[in-house]
Amino acid sequence: IASNDDTFGLQSQVEFTVRAGTTYQIAVDGYSSRTGLIDLNINLDQETVSNDNFADRVLLNGTSVSTTGTNLGFTGEPGEPNHAGISSQLNSAWWSWTAAADGIVTIDTVGSNYDTTLAVYTGSAVNSLTEIASNDDTFGLQSQVEFTVRAGTTYQIAVDGYSSRTGLIDLNITLDIDDTLISGTSNDDTLFGTIENDQIEGFAGNDMIFGSEGINTLLGGDGNDHIFGGSQRDVIRGGSGNDTLRGSEGNNEIFGGSGDDLISSGSGDDFINSGSGNDTLFLGGGDDIVVLEIGNGFDTINNFQLGLTTFDVTNPNDLSIVDGANGAEISSGGDLLAVVRFTQASTLNDNFDMVFV
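Mapping of the sequence shown onto my numbering: residues 140 to 496, in sequence order.
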């Protein structure tokens with residue numbers, strides 16, 4: 140984190156920003172093996188920045204931003220909307236970010252230590268905001284939104300907690316200003332990417348989308364779509380309908396959406412959230428994370444690989460794992476989450492901490 144030899148004559152001093160709840164290990168030694176009596180002094184200058192209220196939101200700029208905060212002790216305001224559709228006591232923290240260019244922005248709370256909710260708005264008053272995007276859980280208990288922005292537009296960002304939860308917040312903003320926007324129609328479209336970073340959106344209809352090269356965002360929309368990732372990292376979202384999603388190469392994020400989807404992860408290290416419906420997954424050769432959620436139907440998982448495949452569940456201690464007719468059955472509270480084909484329940488139970496997070 141920090142180190143120093145001489146600041147005050149032969150004595151040392153360091154100064155750095157700290158995070159509440161983080162433990163720092165301090166070593167004091169002597170130059171050229173010198174020894175002696177030590178006086179160690181620590182002074183914490185506590186920041187008083189509070190972005191509890193909309194009017195006190197922290198201003199952010201840039202194409203790649205990572206910042207920290209908290210919503211501990213925070214409250215809601217009269218007229219403030221519920222964020223991400225969650226109706227509970229508000230404990231929101233506020234930021235404001237202005238887009239430097241046209242493009243596609245990804246905002247997430249990865250690194251936060253609690254179950255976050257995330258919402259993005261436009262507007263200048265807390266009681267008259269227009270929602271642009273919102274999300275509860277994408278990466279386990281953390282949130283992510285992705286949407287198209289226009290240069291000069293200011294977006295208001297609220298981070299809260301599911302069911303009034305509070306904690307330490309990591310907020311990350313990445314603006315991709317190089318994407319080529321390719322849009323389909325309400326008909327059945329066949330759309331091809333370029334060698335650049337693309338956002339391809341099929342909209343309605345049964346579409347065929349091919350990612351090609353670049354770092355792409357591939358959106359199926361409504362209909363029964365076929366989406367093929369390219370050679371690098373892609374974000375693939377099937378939307379509604381019974382979709383076929385193939386990750387190909389790269390470390391991809393694949394979201395099935397609603398419907399009974401067929402998902403193939405490819406050769407990279409992929410994050411897979413199949414969404415609602417009874418989905419079928421074929422895992423490739425990478426370190427894949429598969430989200431299993433109560434109430435969203437069950438996944439049939441092929442090519443589980445011990446040491447490579449990880450299941451992301453809300454409450455691992457509530458799981459029941461038994462042998463079924465087609466493989467190991469993973470349930471929670473009587474709700475079947477997944478059938479792991481050609482795998483015995485004992486393999487999952489005996490390696491529980493390796494398989495479930």
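The beta-carbon is built from N, C-alpha and C at its ideal position, and this holds for glycine as well.
Between the CA atoms of residue j and residue i - distance to the nearest angstrom
i, j, result
"I181", "L310", "29 Å"
"I271", "G463", "44 Å"
"L475", "T419", "14 Å"
"F213", "D191", "5 Å"
"S226", "V244", "26 Å"
"N490", "S459", "14 Å"
"R196", "L149", "43 Å"
"T161", "N252", "12 Å"
"N381", "D275", "23 Å"
"E388", "A141", "39 Å"
"G472", "D457", "7 Å"
"A278", "D247", "Before going on, a small fix: residue 278 reads as Phe here, not Ala. Their backbone Cα atoms lie some 9 Å apart in a straight line."
"S151", "Y163", "17 Å"
"G203", "I312", "Going by the sequence as given, residue 203 is Ser instead of Gly. Cα-Cα distance, rounded: 6 Å."
"N390", "I375", "11 Å"
"D492", "I348", "38 Å"
"G262", "N465", "52 Å"
"G350", "D337", "8 Å"
"G201", "V479", "44 Å"
"I165", "L179", "10 Å"
"I469", "P455", "10 Å"
"F155", "I428", "35 Å"
"V167", "S189", "35 Å"
"D254", "D346", "35 Å"
"G250", "R304", "15 Å"
"G407", "V153", "42 Å"
"I308", "R173", "42 Å"
"I316", "L211", "34 Å"
"L358", "S273", "17 Å"
"I411", "L280", "14 Å"
"T453", "D373", "25 Å"
"D426", "G215", "40 Å"
"F481", "N417", "18 Å"
"I177", "I354", "54 Å"
DSSP beta-bridge partners of residue i
i, result
"Y260", "E270, Q295"
"R347", "Per the sequence shown, the amino acid found at residue 347 is Met instead of Arg. Answer by DSSP bridge pairing, in chain order: T329, H365."
"Q228", "Beta-bridge pairing links Q228 to no other residue."
"D477", "Reading off the sequence shown, one finds Ala at residue 477, where the question assumed Asp. In DSSP, A477 forms a bridge with D438, I469."
"L199", "W236"
"G323", "The partner list for G323 (beta bridge, DSSP) is empty, contrary to what the question assumes."
"N355", "D373"
"T448", "Beta-bridge pairing links T448 to no other residue."
"Q281", "F278"
"G242", "V288"
"R304", "According to DSSP, which records beta bridges pairwise, R304 is partnered with nothing at all."
"E340", "S322, L358"
"N311", "S205, D247"
Residue j beta carbon less than 8 Å from that of residue i
i, j, result
"T117", "G306", "The structure shown does not extend to residue 117, since the chain is modelled only from 140 to 496, so the question has no answer here."
"T356", "E432", "no"
"L320", "V288", "no"
"I339", "E352", "no"
"G377", "G405", "no"
"N441", "F421", "yes"
"T206", "L199", "yes"
"A467", "Q444", "no"
"D438", "S413", "yes"
"G89", "G341", "Residue 89 falls outside the range modelled here, since the chain spans only 140 to 496, and no answer is possible."
"A290", "A239", "yes"
"N496", "D451", "Per the sequence shown, residue 496 should be read as Val rather than Asn. Contact: yes."
Selected residue, minimal CA-CA separation from residue i, among the options
i, options, result
"V157", "R173, D184, I354", "D184"
"G386", "I366, G380, D399, A238", "I366"
"F193", "P217, F495, I440, G472", "P217"
"V430", "L445, G424, G423, D409", "D409"
"D241", "L384, D399, T293", "T293"
"T383", "N391, D400, E392", "D400"
"L447", "G341, I411, G424, S370", "G424"
"V461", "R173, G169, I308, A477", "A477"
"S235", "V265, L211, L280", "V265"
"S171", "Q295, E154, D144", "D144"
"S267", "Q281, S282, Q295", "Q295"
"Q283", "G169, N417, E392", "E392"
"S415", "G398, D426, G407", "G398"
"G332", "Q371, L487, G407", "Q371"
Beta carbon proximity, residue i to chain C, threshold 8 Å
i, result
"S227", "Among the chains in the structure shown there is no chain C, since it carries only a single protein chain."
query: Are the segment 215-223 and the segment 257-264 touching, with three or more C-beta to C-beta distances below 8 Å?
result: yes
- request: Tell me, please, whether the segment 355-367 touches the segment 326-340 by the rule of three or more beta-carbon pairs shorter than 8 Å.
  value: yes
- request: For the segment 226-241 and the segment 291-307, state whether three or more C-beta atom pairs, one from each stretch, are separated by less than 8 Å.
  value: yes
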